[in-house]
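Below: the structure, in C-alpha cells.
In this note's numbering, the protein residues as written are 0 to 583.
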C-alpha cells in the first residue's frame with residue numbers, strides 16, 4: 000500500500016471519529032524512512048495550516064500577556080516563528096505536539112470533564128504543579144485555591160515546566176487571559192527557574208502577606224459539591240462520619256429535614272411549594288422573606304440549628320439583601336463551616352446526603368449550578384445489605400422492600416445518566432478491611448488531603464442481636480445469616496445479582512458455560528426463600544403487614560423485573576474506587 004493510500008486511510012479514521020487511531024497511523028507514517036517528509040508536509044497542510052492564524056493570534060495574545068505578567072519566569076518569551084513544536088488539536092480533550100526538527104511527538108491532555116490530578120494531597124505549603132497542560136485543571140486550581148490576600152500567606156499556585164517548549168506550545172492552545180487576571184499563578188519555565196519556589200514575596204515584590212487579615216470563605220467561592228447517593232444498609236453513616244471528620248469538608252446528613260419537615264401536613268419533598276422553590280434556582284428572597292416562610296404555622300422545618308443559622312446570617316450577610324436558592328443552599332454549609340473558625344488554603348468541599356431515594360429529581364437544578372460535582376456512594380454485597388435491613392424490621396412497606404431487594408437495578412435510577420462521568424463508589428467491605436487506604440482513595444477522588452482524624456469515628460449502631468458495633472468493627476462482614484438464607488437461596492440471589500457482583504468484584508460463580516433461560520430463572524424465583532418464613536415473626540406486630548402470599552408476590556415481581564432489566568436494559572453503575580495501595 001503506497002503512502003498516499005495509507006494517509007487517506009488514516010484521515011478516514013479521523014473523519015469517522017476515531018481520532019486516536021487516525022493520528023497514530025499518521026505519526027507512524029511520519030517516521031517512515033522513505034515517506035516521512037512527504038507525510039509531514041501533508042500533515043501540516045491538512046491539520047496545522049487551517050488553524051495556523053487562530054493559533055498564532057492566540058499565542059501572540061498570550062505572549063503579550065506574559066511579557067507584562069509579574070510572576071512569569073524567565074521574562075523573555077520567543078516569537079511564534081521560533082517555536083520548536085507544531086501543535087495539532089486532535090479533539091476537544093487531546094492535542095499532539097510534533098517536534099519540527101526530530102519528527103518526534105508528544106500527546107498532551109488539554110481538557111477534561113473533571114480534574115485529572117490529585118492536587119490537594121498536601122496543602123501546608125504553596126502548591127507546586129509540574130507540567131500541567133489541561134485547561135480544566137487550570138480552572139479547577141483557580142477556583143479552589145484561595146487568594147494569598149484572603150489567607151494572609153503566600154498561597155500562589157506555582158506552575159513548573161521542566162521544558163519551557165511545552166508551555167510555549169500550550170500557549171497556542173489555551174487562552175490564559177481569564178486564568179491569570181487575579182495573579183494567582185506563578186509560572187516557572189525551566190529547571191533553573193524551579194529554584195525560585197517558593198518566592199519570598201516581601202523581599203522580591205514588597206508584598207507582606209503576613210501583615211494582612213485573613214478573610215473568611217465567601218459564598219461565591221463554594222463551587223465544589225459531593226452529593227451522596229444513599230445505599231440502604233451499606234455503610235452510609237460510617238462513610239459520612241469519616242469523610243465529615245476531614246477539616247476540608249463541610250457535610251450535612253439531613254435525613255430529618257427530608258423525612259420529618261412538612262408543609263400543609265405533607266412531607267416537604269412531596270409538597271409542590273418546596274419543589275417549585277428548588278426548581279426556580281435564580282429567584283431571589285430576602286432574609287426576612289425566608290424567615291417569614293419558615294415561621295408559618297403550616298410549615299415545620301426540621302433543622303437542628305435553624306435558629307443559629309438565622310442569627311449567623313443576620314450578622315454575616317449584612318451587605319447582602321437577596322439570596323437565590325443556590326445561595327441559600329450554600330449559605331447553610333458556609334455558616335456551619337465558619338463556626339470552626341478556620342483559615343483554609345483551599346475552598347472547603349460541600350458533602351450533602353439528602354437521604355432521598357430519588358434525590359436527583361429534587362436537587363438536579365442545584366447540582367447543575369456547581370462547576371465541580373461528584374456523586375459518591377458506598378456499596379455492599381447486595382445479599383447482606385438486604386438481609387441486614389430485613390432482620391432489622393425496617394423493610395415493612397412494599398416500596399422499601401422492593402427498593403432494597405432490587406439493589407443496583409433500582410439504585411441506578413437515582414442518578415441521571417448525564418452524571419455518569421461524575422459517579423463513583425467504594426465498597427463497604429473495603430472500608431471496613433482497609434479503612435486508611437480506602438479513605439485515601441476517596442480523598443484523592445474528592446481532591447482533599449487525607450487526615451488521620453478521618454479514622455477516629457465511632458458511628459455506634461446496634462445489630463439485630465443487640466451487639467454494639469462501632470467504627471471499623473468487622474462484625475458486619477462476618478455476621479452469620481444462615482438462619483435467614485439457605486445455600487440454595489444464596490445461589491438464586493447470586494444469579495439475580497450476577498451483574499452487580501461482577502461490576503463490583505464480589506466473589507460469585509461463573510455461569511457462562513451454561514446459558515440460563517429466562518423461564519428457568521423465573522422458576523427458581525418462584526420458590527419461597529427461607530427468610531420469608533420469618534416475616535410474620537419480624538413484622539407481625541406492625542399494622543398492614545402483608546400476608547405470605549402478598550409478600551411472595553412482592554419478592555417475585557422484584558426479582559423478575561430486576562433480572563430482566565439486568566439482562567436487557569442499561570444499568571448505570573458508578574465507577575468503583577479501589578483502596579489506595581491496591582490501585583496500581
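Just so it is clear, CB atoms sit at the ideal spot from N, CA and C, and this is done for glycine as well.
Between the C-alpha atoms of residue i and residue j, what's the straight-line distance to the nearest angstrom?
i: residue 590; j: residue 230; result: With the chain covering 0 to 583 only, the question about residue 590 has no answer from this structure.
i: residue 415; j: residue 287; result: 35 Å
i: residue 108; j: residue 157; result: 19 Å
i: residue 86; j: residue 223; result: 32 Å
i: residue 143; j: residue 182; result: 14 Å
i: residue 419; j: residue 289; result: 34 Å
i: residue 518; j: residue 563; result: 11 Å
i: residue 216; j: residue 90; result: 37 Å
i: residue 178; j: residue 184; result: 8 Å
i: residue 346; j: residue 255; result: 27 Å
i: residue 567; j: residue 310; result: 54 Å
i: residue 268; j: residue 402; result: 18 Å
i: residue 583; j: residue 211; result: Because the pLDDT at residue 583 is just 39, under 50, the model does not fix this residue reliably, and the point stays unresolved.
i: residue 380; j: residue 209; result: 52 Å
i: residue 200; j: residue 63; result: 23 Å
i: residue 452; j: residue 234; result: 18 Å
i: residue 112; j: residue 12; result: 24 Å
i: residue 137; j: residue 83; result: 24 Å
i: residue 14; j: residue 400; result: 50 Å
i: residue 603; j: residue 29; result: Outside the displayed span of the chain (0 to 583) sits residue 603, for which this structure offers no information.
i: residue 482; j: residue 385; result: 14 Å
i: residue 81; j: residue 10; result: 29 Å
i: residue 476; j: residue 232; result: 12 Å
i: residue 265; j: residue 218; result: 31 Å
i: residue 106; j: residue 17; result: 15 Å
Are the CB atoms of residue j and residue i within a distance shorter than 8 Å?
i: residue 436; j: residue 343; result: no
i: residue 114; j: residue 446; result: yes
i: residue 558; j: residue 530; result: no
i: residue 161; j: residue 72; result: no
i: residue 540; j: residue 550; result: no
i: residue 166; j: residue 188; result: yes
i: residue 365; j: residue 430; result: no
i: residue 584; j: residue 352; result: Residue numbering for the chain in the displayed model covers 0 to 583; residue 584 lies beyond these limits and cannot be assessed.
i: residue 503; j: residue 575; result: yes
i: residue 484; j: residue 427; result: no
i: residue 449; j: residue 438; result: yes
i: residue 42; j: residue 94; result: no
i: residue 308; j: residue 327; result: no
i: residue 39; j: residue 6; result: no
i: residue 397; j: residue 553; result: yes
i: residue 499; j: residue 387; result: no
i: residue 299; j: residue 238; result: no
i: residue 249; j: residue 349; result: yes
i: residue 31; j: residue 76; result: no
i: residue 170; j: residue 47; result: no
i: residue 594; j: residue 424; result: It is not possible to answer for residue 594, since the shown part of the chain is limited to 0 through 583.
Assuming residue i and residue j form a contact by the criterion Cβ under 8 Å, report the distance between their Cβ atoms to the nearest whole angstrom.
i: residue 294; j: residue 382; result: Actually they are not in contact, since the Cβ atoms of residue 294 and residue 382 sit about 47 Å apart, beyond 8 Å.
i: residue 24; j: residue 104; result: Their Cβ separation, rounded to whole angstroms, is 13 Å, which puts residue 24 and residue 104 out of contact at 8 Å.
i: residue 573; j: residue 422; result: 4 Å
i: residue 159; j: residue 128; result: 7 Å
i: residue 474; j: residue 458; result: Their Cβ separation, rounded to whole angstroms, is 13 Å, which puts residue 474 and residue 458 out of contact at 8 Å.
i: residue 263; j: residue 313; result: So it is not a contact: roughly 28 Å between Cβ atoms.
i: residue 244; j: residue 456; result: 6 Å
i: residue 226; j: residue 362; result: 7 Å
i: residue 154; j: residue 135; result: Not quite, the Cβ-Cβ distance comes to about 21 Å (not below 8 Å), so this is no contact.
i: residue 494; j: residue 514; result: No, residue 494 and residue 514 are not in contact; Cβ-Cβ is about 12 Å, not under 8 Å.
i: residue 318; j: residue 213; result: The pair is not a contact, with the Cβ atoms about 19 Å apart (cut-off 8 Å).
i: residue 168; j: residue 51; result: Not confirmed; about 14 Å, so no contact.
Give a yes or no on whether the minimum CB-CB distance between residue i and chain B is below 8 Å.
i: residue 264; result: Protein chain content of the structure displayed is limited to a single chain, and chain B is not contained in it.
Stretch pair the segment 370–377 + the segment 321–337: three plus CB contacts closer than 8 Å: The way I'd put it, the segment 370–377 doesn't touch the segment 321–337; fewer than three beta-carbon pairs between them come closer than 8 Å.
Could you name each continuous alpha helix (DSSP H) segment of 4 residues or more that falls completely within the segment 388–469, going from the start of the chain to the end? 397–405, 407–410, 427–432 and 434–445
With a floor of 3 residues, list each beta strand (DSSP E) that falls wholly inside the segment 325–386, ordered by position along the chain. Complete beta strand (DSSP E) runs here, min 3: 348–352 and 371–378.
Three or more beta-carbon pairs under 8 Å between the segment 319–326 and the segment 196–203, yes or no? no
Evaluate contact between the segment 412–427 and the segment 354–372, counting only Cβ atoms and requiring at least three cross-stretch pairs below 8 Å. yes
Sufficient close CB pairs (3 or more, under 8 Å) joining the segment 127–147 to the segment 57–72: no
Are there three or more Cβ pairs, one per stretch, closer than 8 Å when the segment 299–309 is compared with the segment 387–402? Pairwise C-beta distances place the segment 299–309 out of contact with the segment 387–402, as fewer than three of them are shorter than 8 Å.
Would you mind listing the beta strand (DSSP E) stretches within the segment 117–164 that are 3+ residues and don't spill past its ends, in chain order? The qualifying runs are 126–129 and 156–160.
Entirely enclosed alpha helix (DSSP H) segments - the segment 236–260, minimum 4 residues: 254–259
At which residue ranges does the segment 156–215 contain complete alpha helix (DSSP H) runs of 4 or more residues, listed in the order of the chain? 163–169, 190–193 and 200–204
Scan the segment 269–301 and note each continuous beta strand (DSSP E) run of 3 residues or more that stays entirely inside, going in chain order. With a minimum length of 3 residues, the continuous beta strand (DSSP E) runs that stay inside the segment 269–301 are 283–285.
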